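The block underneath contains the structure these notes are about, expressed in structure tokens.
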Amino acid sequence: ASVPNTPGAPKPDPIVVGDGITRTFGGLTAVDVEHIEIQRGVITALIGPNGAGKTTLFNLLTGFDKPDAGDWSFNGNRLAGLPAFKVARLGMVRTFQLTKVLSKLTVIENMRLGATGQRGEHFWLSMLPPLWRAQEQANTERADDLLRRFKLDAKREDFAGSLSGGQRK
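Here the sequence shown stands for residues 1 to 169, numbered as in the UniProt record's numbering.
Have a look at this one:
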């Protein structure tokens with residue numbers, strides 16, 4: 001659907017809607033958003049100078065920080081006040097400007113660590129490999145699929161510390 005190229009124009013199918021979002025640090029107002037809508041299925045840019053509050057807004061929307069006021073939703077689910085892991089479970093995830101890897105582990109080992117809900121993470125279950133080996137194999141296969149998709153499969157056994165910033169993301 002065609003959307004007017006005008007600030008504040010209503011979006012036909014917004015995936016993010018927010019109202020009255022504010023965040024202050026001491027006497028400094030970092031975020032003061034009266035209304036925001038982000039249309040589903042399109043690339044949207046948030047542009048501004050350093051210190052304008054762009055990262056703070058993303059931190060608020062994704063649960064990494066708490067607002068002073070405001071309400072917002074993602075895909076019809078209210079997100080205000082939810083912690084980041086619950087926001088991610090609802091489907092809103094983000095990448096960070098700076099990535100962290102365990103440099104002395106391989107790329108595939110780092111990717112395996114990122115899989116959620118691993119049975120082997122629990123103390124007692126970790127002592128019973130038959131209960132988690134199949135899941136670990138599935139996680140490895142998924143990681144290998146992602147490496148192929150992003151053309152990084154040749155880096156699979158390299159130390160993660162050898163990857164460029166773009167490759168780490």
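For glycine and all other residues, C-beta sits at the position ideal for the given N, C-alpha and C.
Computed from a predicted model, the values in this text were never measured in an experiment.
Whole angstroms are fine: how far does the CA of residue j sit from the CA of residue i?
i                : j                : result
glutamate 109    : alanine 160      : 9 Å
glycine 81       : threonine 29     : 19 Å
phenylalanine 64 : valine 31        : 14 Å
proline 129      : glutamine 39     : 45 Å
glutamine 135    : leucine 102      : 22 Å
isoleucine 47    : phenylalanine 25 : 21 Å
Out of the options, which one is the CA nearest neighbour of residue i?
i             : options                        : result
lysine 151    : Ala138, Leu128, Lys169, Gln135 : Lys169
isoleucine 36 : Leu131, Ala84, Ala69, Gly20    : Gly20
threonine 95  : Pro10, Phe25, Leu102, Gln167   : Gln167
glutamate 34  : Leu105, Ala69, Ala134          : Ala69
Quick check on DSSP: helix, strand or coil for residue i?
i             : result
aspartate 145 : helix
leucine 28    : strand
residue 171   : In the structure as shown, the chain starts at 1 and stops at 169, and residue 171 therefore has no counterpart that could be examined.
serine 162    : helix
glutamine 118 : coil
tryptophan 72 : strand
threonine 99  : coil
aspartate 65  : coil
aspartate 153 : helix
Would you mind stating whether residue i and residue j have Cβ atoms separated by less than 8 Å?
i             : j              : result
residue 172   : asparagine 77  : Any question about residue 172 goes unanswered here, given that the chain covers just 1 to 169.
asparagine 84 : methionine 111 : A small fix is needed here, since residue 84 is alanine in this sequence, not asparagine. In this structure, methionine 111 does not lie closer than 8 Å to alanine 84 by Cβ.
threonine 99  : glutamate 157  : no
Would the beta-carbon of residue i be found less than 7 Å away from any heavy atom of the ligand FMN?
i          : result
leucine 60 : The ligand FMN is absent from the structure shown, which contains no ligands of any kind.
Using 8 Å as the threshold, is the segment 8–23 in touch with the segment 59–75, meaning 3 or more CB pairs across them?
yes
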